[in-house]
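Asks: Chains as they are written, first to last, in numbering that gives the first Met the number 0: chain A, 0 to 132; chain B, 0 to 132.
Number of protein chains: 2
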Amino acid sequence: MKFSRGTNYALHTMLHLALSSSTNKPVGVQQLAEQQNVSQAYLSKILTKLVKEGMVSSVSGAKGGYSLPYNWESISFLDIIQAIDGKASLFDCHFEHGPGCPIEKVMVSAEEKMEEKLRKTTIADLIKNKTMN
Amino acid sequence: MKFSRGTNYALHTMLHLALSSSTNKPVGVQQLAEQQNVSQAYLSKILTKLVKEGMVSSVSGAKGGYSLPYNWESISFLDIIQAIDGKASLFDCHFEHGPGCPIEKVMVSAEEKMEEKLRKTTIADLIKNKTMN
DNA sequence: GTAAGACTACTCGGATAACCTCTGTCCGAGTAAGTATGG
DNA sequence: CCATACTTACTCGGACAGAGGTTATCCGAGTAGTCTTAC
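#1: Hey, would you say Asn128(B) sits closer than 8 Å to Cys92(A), going by beta carbons?
#2: Using a Cβ-Cβ cutoff of less than 6 Å, which residues in the same chain neighbour Val50(A) once the five nearest sequence positions on both sides are dropped?
#3: Listing by chain order, which chain B residues have their CB less than 7 Å from the CB of Thr120(A)?
#4: Report buried or exposed for Pro101(A), applying the criterion of at least 16 other Cβ atoms within 10 angstroms of its Cβ.
#5: Ile135(B) to Glu103(A), Cα distance in whole Å?
#6: Which value, in whole angstroms, describes the spacing of the CA atoms of Gln81(B) and Gly64(A)?
#7: Curious, which full-length beta strand (DSSP E) runs of at least 3 residues does the segment 51-128 of chain A contain?
#8: Which first and last residues belong to the alpha helix (DSSP H) in which Asn7(B) is found?
#9: Considering only C-alpha positions, which residue in the set Ser73(A), Ser66(A) and Glu110(A) is nearest to Lys86(A)?
#10: For Lys112(B) versus Lys24(A), is the C-beta distance shorter than 8 Å?
#11: Please compile the residues from chain B whose C-beta is within a distance smaller than 8 Å of the C-beta of Gln35(A).
#12: Determine the burial state of Lys62(A): buried for a count of at least 16 other Cβ atoms within 10 Å of its Cβ, exposed for fewer.
#13: Please look up how many angstroms separate the CB atoms of Ile122(B) and Ile74(B), rounded, as I've assumed it's under 8 Å.
#14: Which residue comes first and which comes last in the alpha helix (DSSP H) that contains Val28(A)?
#15: Please compile the residues from chain B whose C-beta is within a distance smaller than 8 Å of the C-beta of His11(A).
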């Protein structure tokens, strides 16, 4: 039970992009990758996931790169995490003891407590209080 | 990001033991394993973890098996999960951008919301409302 | 000066390799209860 | 009868095999600016 390193990268790049969003110029993978000590190839793979979910927009060609879409301030932590990790529940009881495993109920309910917090906080929230890095 | 199958087994086993706790006789791995379609060898491996954490007591030799200790009603979901999965945080930011990554703070706080729920509910709580299987 | 073409700096996406953790198996050792045996 | 040894039914724990998913790399393809060159 660990959050994947991928979501770690995703969250950090989103933060970086958010801080660069004022310039309106797309940021290259190179720059993003360097800052986190990841290969460009791998980071771009993560970013395409985010692009597909509409949480990042990409511009190809020279002077291209990644930037945040107009509505970026409403993007929550949960959105980002689910874009990378998938939306599946953290716990499923594979046994067949009738519908509604009491254990699963508790687990899912606990999980939702966490998701609620993640849904409520956005990348934009971070910027209000802190500066980068 | 998934709860391991091991914790699933552990939780179900604990529930089973709790329901059998009235008899005061230890339950063999065989019986526990059959019910969950796991091999004895693997389940016993999980159980020894729980024994080491003092959440299950074992009696070896003939007529031996596993049972719950006297204070079992206070054992929470979180106790069980951490006994299997470890107590490490679900998220760590490996980057060195000064102490206190803002992202990590959010993630840890969300995680604690979940843990709070898991700490508050016990196996005993389940039994109050439901019968086995 | 300008239009066509080559060049360069990017992202995109599939295929694949390396790796790590979870899952599961095998087997030998220890332990305690029940059972047989010999005096 | 009673003590000793043997058998049986368990847990304990280490070593190791297998699977699946995450992490990461490589490389070819597409795309859009930019620069060069020829007229």
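Every residue gets a Cβ at the ideal spot worked out from N, C-alpha and C, and that includes glycine.
Replies: If we stick to the structure as given:
#1: Taking 8 Å as the Cβ cut-off, Asn128(B) and Cys92(A) do not qualify as a contacting pair.
#2: Ser57
#3: Val105
#4: buried
#5: The displayed coordinates of chain B run from 0 to 132. Any statement about residue 135(B) would go beyond what the structure contains.
#6: 42 Å
#7: 56-58 and 64-66
#8: Arg4 to Leu18
#9: Glu110(A)
#10: no
#11: Phe94
#12: exposed
#13: 6 Å
#14: Val28 to Gln35
#15: What His11(A) touches in chain B: Cys92, Phe94 and Ile102.
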